[in-house]
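Worksheet for the structure shown next.
Below, the structure written as structure tokens:
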């Protein structure tokens, strides 16, 4: 079965998500931005979600994590929790 590792940043607006994505693409560290801005408890660990398989996260996550490019920041991704930036750190 395919497994992936990812980290994310959760915020409450698409605009804030886009601002943070621009900061990361401009050179800011993803983990640092997650610690400062993510409303998810994982933010304290730099947004780390660990390793998981298909179906363990919400469908919007699965689509990005199991189809998107590894090492790239994806988003905004809207879920019932808010808006996310996702970075796939590994997939095998």
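Residue numbers (UniProt numbering): 1 to 92. All residues carry an ideal CB built from backbone N, CA and C; glycine is no exception. Because the structure is a prediction, the values reported are computed rather than measured.
Cross-strand partners of residue 5 (DSSP beta bridge)
Reading the chain shown from its first residue, position 5 is the one you call residue 5. Bridge partners of residue 5: 51, 90.
Tell me the residue span of the beta strand (DSSP E) that contains residue 64.
Along the chain shown, read from residue 1 onward, the residue named residue 64 stands at position 64. In the DSSP assignment, residue 64 falls outside any beta strand (DSSP E) and lies within the alpha helix (DSSP H) extending over 59-67.
Closer than 6 Å by C-beta to residue 79: which residues in its own chain qualify, once you throw out the five before and the five after it? Chain order, please.
On the chain shown, position 79 is the one that residue 79 refers to. Cβ within range, chain order: 58, 60.
What residue range does the alpha helix (DSSP H) around residue 16 cover?
As a first step, residue 16 is located in the chain shown; it is residue number 16 there, counting from the start. Judged by DSSP secondary structure, residue 16 falls within the alpha helix (DSSP H) whose first and last residues are 14-25.
At the level of alpha carbons, what is the spacing between residue 29 and residue 9?
Locating residue 29 in the chain shown gives position 29, counting from the first residue. Locating residue 9 in the chain shown gives position 9, counting from the first residue. So the alpha carbons of these two residues sit roughly 12 Å apart.
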